[in-house]
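J.: Note that the sequence shown covers residues 1 to 309 in UniProt numbering.
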Amino acid sequence: MSSVPRISPGSSAYLGLVLLFCLTWSSAFPIVKFSLAVSPPVLFLGLRFLLAAVLLLAWAWWRGDLAGLGRGCWGWLFVLGLLNQAGYNGMTWLGMGEVSSGLATIIISMNPILIAFAASLVLGEALTLRRFAGLLLGLIGVVIVVRGRMSGEGEDVGGIILVTLGLVSLVSGTVLFKRWTPRVSLPALVGGQSLAAGAALLATGLIIENPSQIVVGPNLWVALAYNVFVVSIGAFLLWFLLLRLGSAVSASALHFLMPPLGLLFGWALLGEPVLAQDLAGVIPIGIGIWLVTRAQPAVRTQETASSTA
Numbered sequence: 001m002s003s004v005p006r007i008s009p010g011s012s013a014y015l016g017l018v019l020l021f022c023l024t025w026s027s028a029f030p031i032v033k034f035s036l037a038v039s040p041p042v043l044f045l046g047l048r049f050l051l052a053a054v055l056l057l058a059w060a061w062w063r064g065d066l067a068g069l070g071r072g073c074w075g076w077l078f079v080l081g082l083l084n085q086a087g088y089n090g091m092t093w094l095g096m097g098e099v100s101s102g103l104a105t106i107i108i109s110m111n112p113i114l115i116a117f118a119a120s121l122v123l124g125e126a127l128t129l130r131r132f133a134g135l136l137l138g139l140i141g142v143v144i145v146v147r148g149r150m151s152g153e154g155e156d157v158g159g160i161i162l163v164t165l166g167l168v169s170l171v172s173g174t175v176l177f178k179r180w181t182p183r184v185s186l187p188a189l190v191g192g193q194s195l196a197a198g199a200a201l202l203a204t205g206l207i208i209e210n211p212s213q214i215v216v217g218p219n220l221w222v223a224l225a226y227n228v229f230v231v232s233i234g235a236f237l238l239w240f241l242l243l244r245l246g247s248a249v250s251a252s253a254l255h256f257l258m259p260p261l262g263l264l265f266g267w268a269l270l271g272e273p274v275l276a277q278d279l280a281g282v283i284p285i286g287i288g289i290w291l292v293t294r295a296q297p298a299v300r301t302q303e304t305a306s307s308t309a
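#1: With burial defined as no fewer than 16 other Cβ atoms inside 10 Å of the residue's Cβ, what is the status of R147: buried or exposed?
#2: Just to confirm the assignment, what range does the alpha helix (DSSP H) spanning R147 have?
#3: In angstroms with no decimal places, state the Cα-to-Cα distance between L43 and V32.
#4: Is it buried or exposed for T293, if we count other Cβ within 10 angstroms and need 16 for buried?
#5: When you compare the CB positions of L216 and V163, do they come within less than 9 Å of one another, or not?
#6: Taking its Cβ as the centre, do 16 or more other Cβ atoms sit within 10 Å of L69, making it buried, or is it exposed?
#7: With P112 as the anchor, note down where its alpha helix (DSSP H) starts and where it stops.
#8: Taking the alpha helix (DSSP H) that T24 belongs to, which residues open and close that run?
#9: Less than 9 Å between the beta carbons of L55 and V222, yes or no?
#10: Considering only their Cβ atoms, is the gap separating G198 from L50 smaller than 9 Å?
#11: So, for I115: in the same chain, excluding its five sequence neighbours on each side, which residues have a beta-carbon less than 8 Å away from its beta-carbon?
#12: Would you mind reading off the limits of the alpha helix (DSSP H) that contains S252?
#13: Quick one: using the 10 Å Cβ neighbour count with 16 as the cut-off for buried, is N210 buried or exposed?
#14: When you compare only the Cα positions, how much space is there between L189 and A225?
#15: A268 and F21 look like a contact to me (Cβ under 8 Å); what is the Cβ gap, rounded to whole Å?
#16: Measuring CA to CA, which of I283, G159, G271 and T128 is closest to P30?
#17: Mark I207 as exposed unless 16 or more other C-beta atoms lie within 10 angstroms of its C-beta, in which case mark it buried.
#18: Can you tell me the Cα-Cα spacing of I107 and L167, whole angstroms?
#19: Around the C-beta of A53, are 16 or more other C-beta atoms found within 10 angstroms, so that it is buried, or is it exposed?
#20: In this structure, how does DSSP classify I7 when only helix, strand and coil are distinguished?
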């Protein structure tokens, strides 16, 4: 039920998964603006994750993946959902409304560095000098990409705190997933998390936001369809597959690619300007990811596995 395809890192199949993940995940950034034009953020996220949960859990049920999942397993899936989906997306979307896109991007791009330190302490993944240098190069590349989008005025402290909490939530969820290694299929894994995230976000949205501000129409359905199928289902399935296939540090290093790819999607979908110097950061990002993923040291401590009972 939890079988993972035999795909070795560095193979053409693995590189294809990496490319598809980067494209689907980064495409969500310009879609955020489109989505916020038709709905308050938390309510939209709640609807998005609940719809994704229905589809994924129906798929998992049809495959027979839900049989035998005990309360303990569902409990862990709900905790992961609150961290990986609800906490990360909810607080990040709210925070991005209060701070400049450049600062928000830099904060979120600390993800691989925080995961590297956490994985070294909790998972036993070696933080070598080469990996550390690669992580620093990746962060430098992100700063180069978004430096022109930093606000010259004072940033909102509340917004900074929200984006930072969203980052910590995703890092915690990633490390917990690698530590727990749940023995469930990918549809059940992402579906269970989406159910918890959708319920929590929708309940929160009904309290802090006004449902009458949702603009029902074609734009809403398009935004929901893209976020549900491409991001909540496609990108998250690929993310957890990559986490299963490799180390937490190697997988998270791919997030350094999201800012330049997000700029390109913003240019293609929203007509946002992209300057040549904006993409200069791709060079240190590429070198940094190569350094991080070039060698995958053996894990020093065996990851704990949870039964599905």
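Ideal Cβ positions, reconstructed from N, Cα and C, are used throughout, including at glycine.
Nothing here was measured: the structure is a model prediction, and the numbers come from that model.
T.: A quick look at the data gives this:
#1: exposed
#2: First-last for R147: undefined, no H or E at that position.
#3: 13 Å
#4: buried
#5: Checking the sequence, you will find Val at residue 216 rather than Leu. No, the pair does not count as a contact, with Cβ atoms beyond the cut-off.
#6: buried
#7: N111 to V122
#8: S12 to S26
#9: no
#10: yes
#11: V171, T174, V175, A248, V249 and S252
#12: A248 to A253
#13: exposed
#14: 21 Å
#15: Actually they are not in contact, since the Cβ atoms of A268 and F21 sit about 18 Å apart, beyond 8 Å.
#16: G271
#17: exposed
#18: 7 Å
#19: buried
#20: coil
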